[in-house]
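S.K.:
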Amino acid sequence: MEYTKEREEVAYFMRRLYERRLTTCYGGNISLLVDGDIILITPSGLDKGRIEAEQIGIISLSGENLTPSLKPSIETEMHIRVYRSRPDVRAVVHAHPVVCSSFAASEKEINTSLIAESRAVLGKPARAPYAFMGSPELAAIVARAVAGANTVLLTNHGVLSIGQTLLQAFDRIEVLEAAATITLITHLLGGKRELTGAQLSELEPQEGRSLEINEELVQLITQAVLNNLKA
């Protein structure tokens, strides 16, 4: 039960999340569901910018720590509850990007109707009420939120995204942060030009469900990147 390749993938995307300044060195967590009931998850208390495959914990979907020498993320229960809520999901990314987190700490919402990519990739993000980080309450709240959305703003906390692959979940975090930045800048510029109802209707069918992607191609690209890092 090593899952070496998959743990390398989790570590790679965690480092990438930090390198893209989408989280802090001790903040955020990523997980990948494998074999239907095994979760590979980043640990607590380690520098996320330097994390390696052997530091990725292995837990069961029932919550059993299968790597006792490693301390899994404090948000492990949240990840478990998300997978149970969304059987179609195989990856979860939780991060603290600055602009998204600013919206999460305000009464304003991120406008995904300004750019076509935002609406196509994200639909309309959900918002989860505040609950203390790592708590069972937060896990339950987020599990309910993802039932109808692929991205969630965690009030006064950060954001969470889900996907069929780590690449898809990571992309949703990046697109959400871009949408938040665009929302802020258009407000500062003194106006906005949203997509029309007809234009949005062309994108709406993708809201609330995973986008159709070529998973085999995604895996090949991810493996090529990992191989390049080892070279």
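Residues in the sequence shown are numbered from 406 upward in steps of one, following the numbering used here. Each residue gets a CB set at the ideal place from its N, CA and C atoms; glycine is no exception.
Who are the Cβ neighbours of Thr409 in its own chain at under 7 Å, not counting the five residues just before and after it?
M.R.: Ala458
S.K.: If contact is defined by three or more beta carbon pairs under 8 Å, each pair taking one atom from either stretch, is the stretch 470–480 in contact with the stretch 419–431?
M.R.: no
S.K.: Between the alpha carbons of Arg455 and Pro448, how many angstroms are there, rounded?
M.R.: One C-alpha to the other measures close to 12 Å.
S.K.: Can you tell me which of Ser606, Arg412, Val580, Leu594 puts its alpha carbon nearest to the alpha carbon of Val504?
M.R.: Val580
S.K.: Based on Cα-Cα distance, which residue from Lys453, Leu445, Ile567, Tyr488 lies nearest to Ala471?
M.R.: It should be pointed out that residue 471 corresponds to Leu in this sequence rather than to Ala. With distances taken between CA atoms, Leu471 lies nearest to Leu445 out of Lys453, Leu445, Ile567, Tyr488.
S.K.: Which of the three DSSP states is assigned to Arg524 in this structure?
M.R.: helix
S.K.: In whole angstroms, what is the alpha-carbon distance linking Pro473 and Val557?
M.R.: Taking the straight line joining both Cα atoms gives about 30 Å.
S.K.: Once you ignore the five residues that flank Met419 on each side, which residues in its own chain have a CB closer than 6 Å to its CB?
M.R.: Ile435, Thr447, Lys453, Ile456
S.K.: Could you tell me which of Ile485, Arg577, Ala531, Val551 sits nearest to Pro541, measuring between CA atoms?
M.R.: Ile485
S.K.: For Phe537, count the other beta carbons within 10 Å of its own beta carbon; 16 or more makes it buried, fewer makes it exposed. Which is it?
M.R.: exposed
S.K.: Does the stretch 482–502 come close enough to the stretch 522–529 that 3 or more CB-CB pairs lie under 8 Å?
M.R.: no
S.K.: Does the separation of the CB atoms of Glu607 and Ala544 fall below 8 Å?
M.R.: no
S.K.: Can you list, in chain order, the residues of its chain with a C-beta nearer than 6 Å to that of Leu600? Leave out the 5 residues immediately preceding and following it.
M.R.: Ser518
S.K.: Report yes if the CB atom of His501 is closer than 8 Å to the CB atom of Gly596, and no otherwise.
M.R.: no
S.K.: My assumption, with CB atoms under 8 Å, is that Arg412 sits in contact with Ile461. Please give the rounded CB distance.
M.R.: That belief holds up - the Cβ atoms of Arg412 and Ile461 are roughly 4 Å apart, short of 8 Å.
S.K.: Could you tell me whether the Cβ atoms of Ile567 and Val487 are closer together than 8 Å?
M.R.: Yes, Cβ-Cβ distance for Ile567 and Val487 is below 8 Å.
S.K.: Quick one: is Ile590 buried, meaning 16 or more other Cβ sit within 10 Å of its Cβ, or exposed?
M.R.: exposed
S.K.: Would you check if the distance between the CB atom of Gly553 and the CB atom of Ala531 is smaller than 8 Å?
M.R.: yes
S.K.: Given a threshold of 16 other Cβ atoms within 10 Å of its Cβ, counted over all protein chains shown, does Tyr423 qualify as buried or as exposed?
M.R.: buried
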